[in-house]
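Enquirer: Here's a structure for you.
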């Protein structure tokens with residue numbers, strides 16, 4: 002029977018169990034979805050190939066193409082005679098792909114740690130990172146970098162960079178400053194002239210493999226432009242002279258700090274600027290804030306008696322006194338309101354010239370109180386006190402000089418001899434230009450200059466010459482600074498001594514300073530010296546600062562071949578008087 006059915010061609014679908022009962026619309030729906038999916042894929046392909054080509058190419062290139070920075074060589078810094086003060090030395094940065102390096106043999110990792118001057122645990126800590134790129138050490142010497150490459154460790158690469166080298170070390174530290182590990186100026190001229198010294202980095206496109214190795218150059222985007230060399234006004238010989246003698250004085254008097262600055266009277270160039278304590282910019286591993294401070298620029302102090310010549314100059318300029326006008330300073334004290342002003346020694350009647358020589362507070366105050374506060378304030382501001390210096394050096398401060406409208410009589414009196422006002426050492430040195438340059442002032446510069454600067458007149462030539470003669474007597478027998486004398490040269494200047502202020506109150510700590518110039522017949526240099534908190538051998542400016550001035554100035558004048566203008570060949574033994582504070 003079954004054979005008969007098979008022979009007759011009865012289909013299996015005739016079996017109720019094998020019959021398909023799906024509706025026709027379902028198959029059509031499946032066909033529609035398949036067609037829609039293919040249409041979506043075709044649309045997406047067209048979109049990617051047509052509209053998103055640029056985006057996709059960028060994404061692909063980001064996997065293998067890299068833009069490398071080509072460092073520019075930082076410009077050199079030299080002194081006025083071409084001696085190099087700062088230069089860039091080629092070094093290497095050592096970087097790694099952590100995952101690849103950790104696969105290296107332990108012995109090689111141990112050798113790598115030794116070459117990097119770190120412990121193996123420190124190295125592994127740096128490599129224990131999820132990042133694809135880590136610096137192991139920057140500014141590695143070329144010889145060491147070659148030994149590291151010779152280890153053949155996968156994932157270790159080098160990058161060219163530069164390290165700044167300072168041949169003059171601590172002697173020039175506060176002038177030149179230093180750069181950080183990125184070769185960016187942080188202090189001094191390095192910071193002030195960052196834009197010109199740094200130059201502009203370049204770029205080039207390369208193809209790298211998975212290990213970060215360059216396999217092909219694509220293009221040069223921008224060529225690097227090296228920084229410009231900079232020639233300073235500083236004279237290395239003068240700088241060394243100033244640093245050496247200042248260091249001797251700070252050590253001799255066991256002082257907290259000291260500073261000195263040397264200016265060229267003719268050009269306004271800064272020939273030397275030194276501070277103590279100092280530091281070695283080539284090794285800043287133990288650098289402290291005290292070492293870093295450029296005290297000549299950033300520290301202010303009450304100048305004391307070095308302010309008196311400006312008060313006397315104003316009195317002479319306005320015709321209120323002459324150099325021979327007598328002033329009664331007895332009994333050596335003077336009460337204004339509830340405050341009493343004293344002289345260090347009772348002098349009696351003094352001429353205006355003797356007021357400067359003997360450094361009388363009483364004589365100075367009596368001249369000051371004859372003048373309106375506005376006139377004094379204008380005089381002080383004109384020479385730069387209370388004004389922000391404008392010679393482009395970082396950190397230079399304005400000091401403190403209150404507006405004349407708030408002055409009380411006692412404040413006008415004390416300001417006339419340098420109390421109640423604060424200045425920096427470089428401000429005071431520049432202000433003395435009016436006496437050394439016959440009444441006019443010129444801008445200061447830290448760059449070598451061949452142009453003759455244009456000055457602005459502050460006092461008349463006659464007044465400047467009168468003050469010059471008066472300040473010369475300060476260094477002669479009977480003056481407050483006989484230790485400032487120099488064999489063969491006429492010297493003029495003024496001592497200053499002031500209490501320091503801590504917590505708003507005067508304390509028994511002192512700043513002794515001296516500002517002067519030489520030779521008097523034709524001034525060439527102004528030298529200002531400040532000794533902060535001397536603890537042995539006295540504290541008066543004539544004792545601690547004047548000898549430093551003499552030693553520095555004598556060596557400078559001889560190194561500059563300035564002809565002597567005095568027949569004096571022996572220094573007269575010290576019999577100076579102490580200045581009033």
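In the working numbering, the protein residues as written are 2 to 582. Ideal Cβ positions, reconstructed from N, Cα and C, are used throughout, including at glycine.
1. Give the range of the alpha helix (DSSP H) segment to which residue 537 is assigned.
2. Between residue 358 and residue 471, how many whole angstroms is the CB-CB distance? I'm expecting something under 8 Å.
3. Grab me the residues of residue 260's own chain with a C-beta within less than 6 Å of its C-beta, minus the 5 sequence neighbours each way, in chain order.
4. Once the 5 residues before and after residue 164 are set aside, which same chain residues still bring their CB inside 6 Å of it?
5. Should residue 142 be labelled buried (16 or more other beta-carbon atoms within 10 Å of its own) or exposed?
6. Classify residue 452 as buried or exposed, calling it buried when 16 or more other Cβ atoms lie within 10 Å of its own Cβ.
7. Going by DSSP, what residues sit across from residue 501 in a beta bridge?
8. Indicate whether residue 351 and residue 364 have their beta-carbon atoms separated by less than 8 Å.
9. Tell me the DSSP secondary structure of residue 548 in three-state form.
10. My understanding is that residue 86 touches residue 169, with C-beta atoms under 8 Å, so please give their C-beta distance in whole angstroms.
11. What is the C-beta distance between residue 1 and residue 446, in whole angstroms, given that I count them as a contact (C-beta under 8 Å)?
12. Nearest-angstrom Cα distance between residue 419 and residue 386?
13. Between the stretch 540-556 and the stretch 510-517, are three or more C-beta pairs nearer than 8 Å?
14. Mind reading off the beta-carbon distance from residue 102 to residue 156? Whole number of angstroms is fine, and I expect it under 8 Å.
15. Rounded to a whole number of angstroms, what is the C-alpha to C-alpha distance between residue 502 and residue 192?
16. Going by C-alpha to C-alpha distance, which of 442, 443, 244, 347 sits closest to residue 556?
17. Per the DSSP calculation, residue 458 is bridged to which residue(s)?
18. Determine whether the beta carbon atoms of residue 377 and residue 312 lie at a separation below 8 Å.
19. Mind checking residue 81: buried by the 16 CB within 10 Å criterion, or exposed?
20. Straight-line CA distance for residue 394 to residue 112?
21. Out of 564, 537, 566, which one is the CA nearest neighbour of residue 253?
22. Taking the Cβ atom as the reference point for each residue, do residue 116 and residue 148 lie within a distance shorter than 8 Å?
23. On the three-state DSSP scale, how would you describe residue 292?
24. Beta carbon of residue 368, beta carbon of residue 398: below 8 Å?
25. Using only alpha-carbon positions, find the residue among 410, 408, 341, 568 that is nearest to residue 487.
Expert: Answer, in terms of the structure:
1. Here residue 537 corresponds to residue number 536 of the chain shown, with the count starting at 1. It is not in any alpha helix (DSSP H) - residue 537 carries neither H nor E in the DSSP assignment.
2. What you label residue 358 is simply residue 357 of the chain shown in a count that begins at 1. What you label residue 471 is simply residue 470 of the chain shown in a count that begins at 1. Residue 358 to residue 471, Cβ: 7 Å. Contact.
3. For the purposes of this step, residue 260 is identified with residue 259 of the chain shown, where counting begins at 1. Excluding positions up to five away in sequence, the list reads 276, 296, 297, 426, 531.
4. If you number the chain shown from 1, residue 164 lands on position 163. Result list for residue 164: 90, 92, 140, in chain order.
5. Here residue 142 corresponds to residue number 141 of the chain shown, with the count starting at 1. Residue 142 comes out exposed.
6. Along the chain shown, one-based indexing puts residue 452 at 451. Classification for residue 452: exposed.
7. For the purposes of this step, residue 501 is taken as residue 500 along the chain shown, with counting starting at 1. Answer is 508, bridged to residue 501.
8. For the purposes of this step, residue 351 is identified with residue 350 of the chain shown, where counting begins at 1. For the purposes of this step, residue 364 is identified with residue 363 of the chain shown, where counting begins at 1. Yes, Cβ-Cβ distance for residue 351 and residue 364 is below 8 Å.
9. Residue 548 sits at position 547 when you count from the first residue of the chain shown. Three-state result, residue 548: helix.
10. Counting from 1 along the chain shown, the entry for residue 86 is found at position 85. Counting from 1 along the chain shown, the entry for residue 169 is found at position 168. Confirmed, about 6 Å.
11. With the chain running from 2 to 582 in the structure shown, residue 1 is simply not present.
12. Stepping through the chain shown from its first residue, residue 419 is reached at position 418. Stepping through the chain shown from its first residue, residue 386 is reached at position 385. Cα to Cα, the separation comes out at about 11 Å.
13. yes
14. Stepping through the chain shown from its first residue, residue 102 is reached at position 101. Stepping through the chain shown from its first residue, residue 156 is reached at position 155. Right, their Cβ atoms sit about 4 Å apart.
15. As a working note, residue 502 is residue 501 in the chain shown. As a working note, residue 192 is residue 191 in the chain shown. Distance between the alpha carbons of residue 502 and residue 192: 31 Å.
16. Position 555 of the chain shown, counted from the first residue, corresponds to residue 556. Ranking 442, 443, 244, 347 by Cα distance to residue 556 puts 244 first.
17. In the chain shown, counting from the first residue as 1, residue 458 sits at position 457. Paired residue(s): 441.
18. The count along the chain shown starts at 1 and reaches residue 377 at position 376. The count along the chain shown starts at 1 and reaches residue 312 at position 311. For residue 377 and residue 312, yes; Cβs fall inside 8 Å.
19. Stepping through the chain shown from its first residue, residue 81 is reached at position 80. Classification of residue 81: buried, given that the 10 Å Cβ count is 16 or more.
20. Numbered from its first residue, the chain shown carries residue 394 at position 393. Numbered from its first residue, the chain shown carries residue 112 at position 111. Those two C-alpha atoms are separated by around 45 Å.
21. Taking the first residue of the chain shown as position 1, residue 253 is located at position 252. Among 564, 537, 566, the Cα nearest to that of residue 253 is on 537.
22. On the chain shown, position 115 is the one that residue 116 refers to. On the chain shown, position 147 is the one that residue 148 refers to. Cβ atoms of residue 116 and residue 148: closer than 8 Å.
23. Taking the chain shown and counting its residues from 1, the one referred to as residue 292 is at position 291. Residue 292 falls in the helix class under three-state DSSP.
24. Position 367 of the chain shown, counted from the first residue, corresponds to residue 368. Position 397 of the chain shown, counted from the first residue, corresponds to residue 398. No.
25. Counting from 1 along the chain shown, the entry for residue 487 is found at position 486. Nearest of 410, 408, 341, 568 to residue 487, Cα basis: 568.
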